[in-house]
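Be aware that the sequence shown starts at 0, since it is given in the numbering used here, and climbs by one per residue.
We treat Cβ as the ideally placed atom computed from N, Cα and C, and that holds for glycine.
Here's the structure, in structure tokens; my notes come after.
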Amino acid sequence: MIQLNHIGIAVQDLPAMQRLFALLGLMPAWIESVPDQGVVTHFYPLPLADGALELLEPSDPKGAVSQFISKRGPGVHHLSFMVDKGEMDLLCANLRSNGYRLVYDEAKQGAQGMRINFIHPATSGGVLVELMEKG
Numbered sequence: 000m001i002q003l004n005h006i007g008i009a010v011q012d013l014p015a016m017q018r019l020f021a022l023l024g025l026m027p028a029w030i031e032s033v034p035d036q037g038v039v040t041h042f043y044p045l046p047l048a049d050g051a052l053e054l055l056e057p058s059d060p061k062g063a064v065s066q067f068i069s070k071r072g073p074g075v076h077h078l079s080f081m082v083d084k085g086e087m088d089l090l091c092a093n094l095r096s097n098g099y100r101l102v103y104d105e106a107k108q109g110a111q112g113m114r115i116n117f118i119h120p121a122t123s124g125g126v127l128v129e130l131m132e133k134g
């Protein structure tokens, strides 16, 4: 089973987004630096079952989020789906065999100790899709 976990939003002006979210009554549940991804994640739980908004603050000018903002400006960066434990490798193999390009050859560790991989937007209708599996 797969379910939407969060929507990642690349931000150029973090304080402005934090102010907006605070005005909407949303407060971050946690903030975490993920050096391998060149990003600081700010997770804002939504009043949905396990849903959240993730603000992606670039921490490395050469990181993927910095590059995204440089090319496209701030905005929705990715959709993230939670994969059942133990299913990541099988799902990635199935996606590859069906012509989808994945960003990583092997899943990597992301925020919260999750294993992650991404479906490249070139093969997913222009949308970066993150797959997450609890580690």
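*Is residue 113 buried or exposed, if buried means 16 or more other CB atoms sit within 10 Å of its CB?*
Your numbering for residue 113 matches position 114 in the sequence shown. Under this definition residue 113 is a buried residue.
_Per DSSP, cross-strand counterpart(s) of residue 43_ = Counted from its first residue, the sequence shown places residue 43 at position 44. In the DSSP output, where bridge partners are listed per residue, residue 43 has 52.
*Strand pairing of residue 131, partner residues [DSSP]*: Working through the sequence shown from its first residue, we reach residue 131 at position 132. Beta-bridge pairing links residue 131 to 81, 115.
_Minimum C-alpha distance to residue 107 - residue among 121, 122, 91_ = Counting from 1 along the sequence shown, the entry for residue 107 is found at position 108. Nearest option by C-alpha distance: 91.
_Residue closest to residue 39, alpha-carbon to alpha-carbon, out of 62, 94, 125, 105_ = For the purposes of this step, residue 39 is taken as the residue at position 40 of the sequence shown. With distances taken between Cα atoms, residue 39 lies closest to 62.
*Inspect the beta-carbon positions of residue 82 and residue 30 and report whether they are closer than 7 Å.*
Position 83 of the sequence shown, counted from the first residue, corresponds to residue 82. Position 31 of the sequence shown, counted from the first residue, corresponds to residue 30. Going by C-beta atoms, residue 82 is not nearer than 7 Å to residue 30.
_Going by beta-carbon coordinates alone, are residue 55 and residue 9 separated by less than 7 Å?_
The count along the sequence shown starts at 1 and reaches residue 55 at position 56. The count along the sequence shown starts at 1 and reaches residue 9 at position 10. A contact, by the Cβ cut-off of 7 Å.
_Alpha-carbon spacing of residue 24 relative to residue 101, whole angstroms_ = Reading the sequence shown from its first residue, position 25 is the one you call residue 24. Reading the sequence shown from its first residue, position 102 is the one you call residue 101. Near 36 Å, if we compare the C-alpha coordinates of residue 101 and residue 24.
_Where the beta strand (DSSP E) containing residue 101 begins and where it ends_ = Counting from 1 along the sequence shown, the entry for residue 101 is found at position 102. Per DSSP, residue 101 belongs to no beta strand (DSSP E) and is neither H nor E.
_Check for me: the alpha helix (DSSP H) holding residue 15 runs from which residue to which?_
In the sequence shown, residue 15 corresponds to position 16, counting from 1. Unbroken alpha helix (DSSP H) run through residue 15: 13-22.
_Do residue 58 and residue 74 have their beta-carbon atoms positioned less than 7 Å apart in this structure?_
Counting from 1 along the sequence shown, the entry for residue 74 is found at position 75. Counting from 1 along the sequence shown, the entry for residue 58 is found at position 59. Cβ atoms of residue 74 and residue 58: not closer than 7 Å.
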